[in-house]
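Here the structure comes first, spelled out in structure tokens, and everything after it is commentary.
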Amino acid sequence: MNLNLRNAILNNISGNNQEQIEATIQDAIQSGEEKMLPGLGVLFELYWENANEEDKKEVLETLESHVQNMNQ
Numbered sequence: 001m002n003l004n005l006r007n008a009i010l011n012n013i014s015g016n017n018q019e020q021i022e023a024t025i026q027d028a029i030q031s032g033e034e035k036m037l038p039g040l041g042v043l044f045e046l047y048w049e050n051a052n053e054e055d056k057k058e059v060l061e062t063l064e065s066h067v068q069n070m071n072q
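Counting along the sequence shown from 1, when you hit position 55 you're at 55 in UniProt numbering, and nothing is skipped either side.
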């Protein structure tokens, strides 16, 4: 069986509204299950591919700050 996980995730969330997407993100984070990480990755990929340079820079600054604070 040839399963394309990215396409399966995209098919699963296609047509979702903002509230449904937020619920998906919150559920993935709150559950803490690693099996949810690919879905978050696909959502982030969608965001990244459509973000302008300013938005990308803001995300990178936020991530950098939080990653650095994890080590303190």
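Each residue gets a CB set at the ideal place from its N, CA and C atoms; glycine is no exception.
Checklist line | Whole runs of the alpha helix (DSSP H) within the segment 35 to 64, excluding any shorter than 4 residues | finding: 37 to 50
Notebook entry, point to check: Distance, Cα to Cα, N4 vs N12?
Noted result: 12 Å
Next item on the list: If I'm right that L24 touches G39 with Cβ under 8 Å, what's the distance once you round it to whole angstroms?
Entry: Position check: residue 24 holds Thr in this sequence, whereas Leu was assumed. With 8 Å as the limit, T24 and G39 qualify as a contact, their Cβ atoms being about 7 Å apart.
Note to self: At 3 residues or longer, what runs of the beta strand (DSSP E) sit wholly inside the segment 4 to 35?
What the structure shows: none
Next item on the list: Leaving aside the five residues before and after L60 along the sequence, list all residues of the same chain whose C-beta is less than 7 Å from its C-beta, in chain order.
Entry: none
Checklist line | C-alpha gap between M70 and S14, whole angstroms | finding: 34 Å
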